[in-house]
Every structure is written in structure tokens, then in C-alpha cells.
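If you count the sequence shown from 1, position 202 lands on 202 in full-length UniProt numbering, and the numbers rise without skipping.
Let me begin by presenting the structure, written as C-alpha cells, before commenting on it.
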Amino acid sequence: MLSRFAMSALAVAALLLCLASSGRVSAAELDEVIYLDTIHGRIVIRTYPEYAPRHVERITELVKAGFYDGIVWHRVMEGFVAQAGDPLGKGYGGTGITIDAEFNNRSHHTGTVNMARANDPNSADSQFSIMYVHNGFLDHRYTVWGQVLGGFDAVNKLKKAKPHSPGGQVEDPDVIVKMRLPAEVEQTCVDTDPKCEYWARPGETGYGGRHSIGECQKNPDFMNKACPVSCGQCQVLEKANIPCTNLYRQCTDWATPGHTSAEGECVNNAKWMKRNCKLSCDPACQAA
1 MLSRFAMSAL
11 AVAALLLCLA
21 SSGRVSAAEL
31 DEVIYLDTIH
41 GRIVIRTYPE
51 YAPRHVERIT
61 ELVKAGFYDG
71 IVWHRVMEGF
81 VAQAGDPLGK
91 GYGGTGITID
101 AEFNNRSHHT
111 GTVNMARAND
121 PNSADSQFSI
131 MYVHNGFLDH
141 RYTVWGQVLG
151 GFDAVNKLKK
161 AKPHSPGGQV
171 EDPDVIVKMR
181 LPAEVEQTCV
191 DTDPKCEYWA
201 RPGETGYGGR
211 HSIGECQKNP
221 DFMNKACPVS
231 CGQCQVLEKA
241 NIPCTNLYRQ
251 CTDWATPGHT
261 SAEGECVNNA
271 KWMKRNCKLS
281 CDPACQAA
């Protein structure tokens, strides 16, 4: 008769085989990872271009341009979600460039990242949410585009809304220090084990179980060496290398002299426009 330990080992092996067959055990690739830095630490997000290609493409564009740097976590509700991405910090702002829904079969597990939206299914813009728990009732209603790997303890430490706060709004909220793509500067940083993503994940889809924050925090000495991509150890750009793009739908109008001001906003608000409407304001971009 098998010992209890042997039976447990067989159960774990069977679980790993099941996860591997469903594509859920893998070593996170650099070009599928976003690092989100907060004052509480780094959050690692593994993107799902295979499930939500348009959403991942747009998020990547915004991250490359430094759009999220300094934006607040305006809605953080204990036991539900942490939401950010509104340049106004109120919950109703965005870029004016919307993304059509890409509802998929990824469930809203602990650490899942989805795109927030208004009532229109095709109204997702720049706001996203991270799940604190399994919120299955959101499945097929919001587009899942990513999953937190390492750093879920930083998500837990975000300043929460007070009880009965309207819409879960946070007073004096925490900010996103920066969001970066390690693939922009790294070529040699790799996870060394195909189970790294599984080990790193928090909650019910990870190694540690429903209430785990993930092995990056529980076993950092081993994980930071074996799984540097999943645990947020790869290098990133300190300042965003802003591409020639317009992040807002109104950029062309704002840049046009006489539309909102006599000289145009490229002159009146040069710093902000160069960051968010570079295509319309930078002569080098226009000449390219």
C-alpha cells in the first residue's frame, strides 16, 4: 500500500501533468511580461497575446510610452479588485481609443488581470483591474489579458477604499511608479525551469494553493535565481523610450493651432504633449 507521502507526491505529479497539458505550466518569456512597480514592490504581469491580442498590443503600446507612470490606483476594494489606468484618477477617464472585446476562456482567478470598461462591451480603453480573489462571475463579460506572477504581496499592500466608499474610490491613493517591458533591455534573463510560472502564481492556480502569495515571496533565495523573469529580477529602462505615436484620440486636434489655443498644445503644453502625442508634436516623427 502506498504511503500517504507517496500518494501526495503522485497527486502533485498528476496535477503538474494536467496543468502542462492545458498550457498553464511554463517558463514566462521576456516578451510576454510587464513589470509594474509600486512603492510596495514590483508586480510581474504575464500577458496573454494568444487570448487577447488587441488588448495586449494596446497595453504594450501604452507601457512603452510611459503612459501609466504616476497614474493612481483609484479603485481598490478588499476582497475584490485593484483598478488603475485612468489618467484623471476618477474612474471615468481614458485615452479615447477603445478596444473591441476579446472575451475568452480564461477565468478571473486570483491575480488575473482584465480590462475595465463601461456598459458597452467594446468600450475598454486604458483602465485595468487585478483580481484579489476568484471572481468567476466576471468571466465572458470582461477581457482577461494577463496574470500576476511574482509580486502579489505588493497588490495586497495597495491602499484600500474605506468601507462604503462610493464605487470603491480610494482617498489619497497609491500610484503606479512605473510600468516597463524587460524585453526592451534584456536578452539573457530567462526562467530556468518550465514550472516557474506555476510556482510564482498566487492563489488557486499556483503551487501554494488558494491563499498563497506565490513562491517568489515565500522562497525568494531559490526563486529569484531559478525564475528571475517570473519574480521580477530582470532589468528595465528607468525612463520610458517614448515611441512616435499618439496615445489619445484627440492628439491631432490638440496639436492644431487655433483648435484649443492659438499656438496649439504642442507649444502651450509641450512636456505633456511630447509624452502623450509625440507623433503630432515631434518633427522627427513627422519626417520619418
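The C-beta atom is built at its ideal place from N, Cα and C for all residues, glycine as well.
Which ranges does the alpha helix (DSSP H) cover as unbroken runs of at least 4 residues, wholly within the UniProt domain "PPIase cyclophilin-type" (30 to 181), from first to last along the chain?
-> 53 to 64 and 152 to 157
Nearest residue (CA-CA) to Glu32, options Pro182, Arg117 and Ala240 | Here residue 32 refers to the residue found at position 32 of the sequence shown. Checked all of Pro182, Arg117 and Ala240; the closest Cα to Glu32 is Pro182.
Looking at C-alpha atoms only, which residue of Gly151, His134, Gly150 and Asp153 is the closest neighbour of Val144?
-> One-based indexing of the sequence shown puts residue 144 at position 144. Of the candidates Gly151, His134, Gly150 and Asp153, the one whose C-alpha sits nearest the C-alpha of Val144 is His134.
Pairing CB atoms from the segment 71 to 82 with CB atoms from the segment 247 to 265, are three or more of them under 8 Å?
-> no
Write down the C-beta distance between Tyr35 and Gly232 rounded to the nearest angstrom, noting that I regard them as a contact closer than 8 Å.
-> Here residue 35 refers to the residue found at position 35 when the sequence shown is read from its first residue. Here residue 232 refers to the residue found at position 232 when the sequence shown is read from its first residue. Right, their Cβ atoms sit about 6 Å apart.
What span of residues does the alpha helix (DSSP H) with Ala200 cover, start to end?
-> As a position in the sequence shown, residue 200 is number 200, starting the count at 1. For Ala200, the enclosing alpha helix (DSSP H) begins and ends at Cys196 to Ala200.
Excluding the 5 residues preceding and the 5 following Met185 in the sequence, name in chain order all residues of the same chain whose CB lies nearer than 7 Å to its CB.
-> Sequence index remark: in the sequence shown, residue 185 carries index 185 (1-based). Reading off the sequence shown, one finds Val at residue 185, where the question assumed Met. Taken in chain order, the residues that qualify are Gln235, Val236 and Leu237.
Does DSSP put Asn246 in a helix, in a strand, or in coil?
-> The residue you call residue 246 lines up with position 246 of the sequence shown. Correct three-state label for Asn246: strand.
With a cut-off of 8 Å, do at least 3 Cβ pairs link the segment 201 to 216 to the segment 51 to 66?
-> Inter-segment contact for the segment 201 to 216 and the segment 51 to 66 is absent: fewer than three beta-carbon pairs are separated by less than 8 Å.
By Cβ distance, which residues of its chain are closer than 8 Å to His109, with the 5 residues on each side in sequence left out?
-> Translated into positions along the sequence shown, residue 109 becomes position 109. Contacts found: Met131, His134, Gln147, Gly203, Glu204 and Thr205.
Do Ala200 and Ile43 have their CB atoms nearer than 8 Å?
-> In the sequence shown, counting from the first residue as 1, residue 200 sits at position 200. In the sequence shown, counting from the first residue as 1, residue 43 sits at position 43. Cβ distance not < 8 Å, so Ala200 and Ile43 don't count as in contact.
To the nearest angstrom, how far is it from the Cα of Pro228 to the Cα of Val190?
-> Taking the sequence shown and counting its residues from 1, the one referred to as residue 228 is at position 228. Taking the sequence shown and counting its residues from 1, the one referred to as residue 190 is at position 190. Pro228 and Val190: Cα-Cα distance of roughly 6 Å.
To the nearest angstrom, how far is it from the Cα of Gln101 to the Cα of Gly93?
-> In the sequence shown, counting from the first residue as 1, residue 101 sits at position 101. In the sequence shown, counting from the first residue as 1, residue 93 sits at position 93. The sequence shown places Ala at residue 101, not Gln. When rounded, the distance between both Cα atoms is 18 Å.
Compare the C-alpha of Ile97 against each of Glu57, Ser129 and Lys90 and name the closest.
-> As a working note, residue 97 is residue 97 in the sequence shown. Comparing Cα positions, the closest option is Glu57.
Rounded straight-line distance, which links the Cα of Gly150 to that of Arg106 = As a working mapping, residue 106 is identified with position 106 in the sequence shown. As a working mapping, residue 150 is identified with position 150 in the sequence shown. Looking at the two C-alpha atoms, the distance is approximately 19 Å.
Taking 8 Å as the cut-off, decide whether the C-beta atoms of Asp174 and Leu158 are in contact.
-> Here residue 174 is taken as the residue at index 174 of the sequence shown, counted from 1. Here residue 158 is taken as the residue at index 158 of the sequence shown, counted from 1. Contact: yes.
Just to confirm, are Ala240 and Asp37 a CB contact at a threshold of 8 Å?
-> Residue mapping note: residue 240 aligns to position 240 of the sequence shown, counting from 1. Residue mapping note: residue 37 aligns to position 37 of the sequence shown, counting from 1. No, the pair does not count as a contact, with Cβ atoms beyond the cut-off.
Between the C-alpha atoms of His259 and Ser230, what's the straight-line distance to the nearest angstrom?
-> Stepping through the sequence shown from its first residue, residue 259 is reached at position 259. Stepping through the sequence shown from its first residue, residue 230 is reached at position 230. The alpha-carbon atoms of His259 and Ser230 are separated by roughly 47 Å.
Out of Lys195, Asn104 and Pro87, point me to the one whose CA is closest to Asp125's CA.
-> Translated into the one-based positions of the sequence shown, residue 125 becomes position 125. Looking at the Cα atoms, Pro87 is the closest of the given residues.
To the nearest angstrom, report how far apart Cys196 and Phe137 are at their CA atoms.
-> Stepping through the sequence shown from its first residue, residue 196 is reached at position 196. Stepping through the sequence shown from its first residue, residue 137 is reached at position 137. When rounded, the distance between both Cα atoms is 28 Å.
Which residues share a DSSP beta bridge with Cys277?
-> As a position in the sequence shown, residue 277 is number 277, starting the count at 1. According to DSSP, which records beta bridges pairwise, Cys277 is partnered with Asn246.
Nearest-angstrom Cα separation, counted from Arg117 out to Gln127 = Counting from one through the sequence shown, the residue named residue 127 turns up at place 127. Counting from one through the sequence shown, the residue named residue 117 turns up at place 117. Cα to Cα, Gln127 sits roughly 7 Å from Arg117.
State the Cα-Cα distance for the pair Phe152 and Glu50, rounded to the nearest angstrom.
-> Reading the sequence shown from its first residue, position 152 is the one you call residue 152. Reading the sequence shown from its first residue, position 50 is the one you call residue 50. Their backbone Cα atoms lie some 23 Å apart in a straight line.
So which of Arg275, Arg141 and Val72 has the shortest CA-CA distance to Asn119?
-> For this step, residue 119 is matched to residue 119 along the sequence shown. Nearest option by C-alpha distance: Arg141.
What did DSSP end up calling Pro228 once you bin it into helix, strand or coil?
-> As a first step, residue 228 must be located in the sequence shown, where it is residue number 228. Three-state DSSP puts Pro228 in coil, outside helix and strand.
Nearest residue (CA-CA) to Asn276, options Thr245, Val170 and Gly168 = Taking the sequence shown and counting its residues from 1, the one referred to as residue 276 is at position 276. Selected option, being the one with the closest Cα: Thr245.
Who are the near neighbours of Ser22 in its chain, counting only those whose CB is closer than 7 Å to its CB and skipping five residues on each side?
-> Counting from one through the sequence shown, the residue named residue 22 turns up at place 22. Note that Ser22 has pLDDT 39, beneath the 50 cutoff, so the model's placement of it is unreliable and the number below is only indicative. Cβ within range, chain order: n/a, list empty.
Starting from Cys285 and walking both ways along the alpha helix (DSSP H), at which residues does that stretch end?
-> On the sequence shown, position 285 is the one that residue 285 refers to. Looking at the DSSP string, the run of the alpha helix (DSSP H) that includes Cys285 is Pro283 to Ala287.
Would you decide whether Val267 is buried or exposed? Buried here means 16 or more other CB atoms lie within 10 Å of its CB.
-> The residue given as residue 267 occupies position 267 in the sequence shown. Burial call: exposed.
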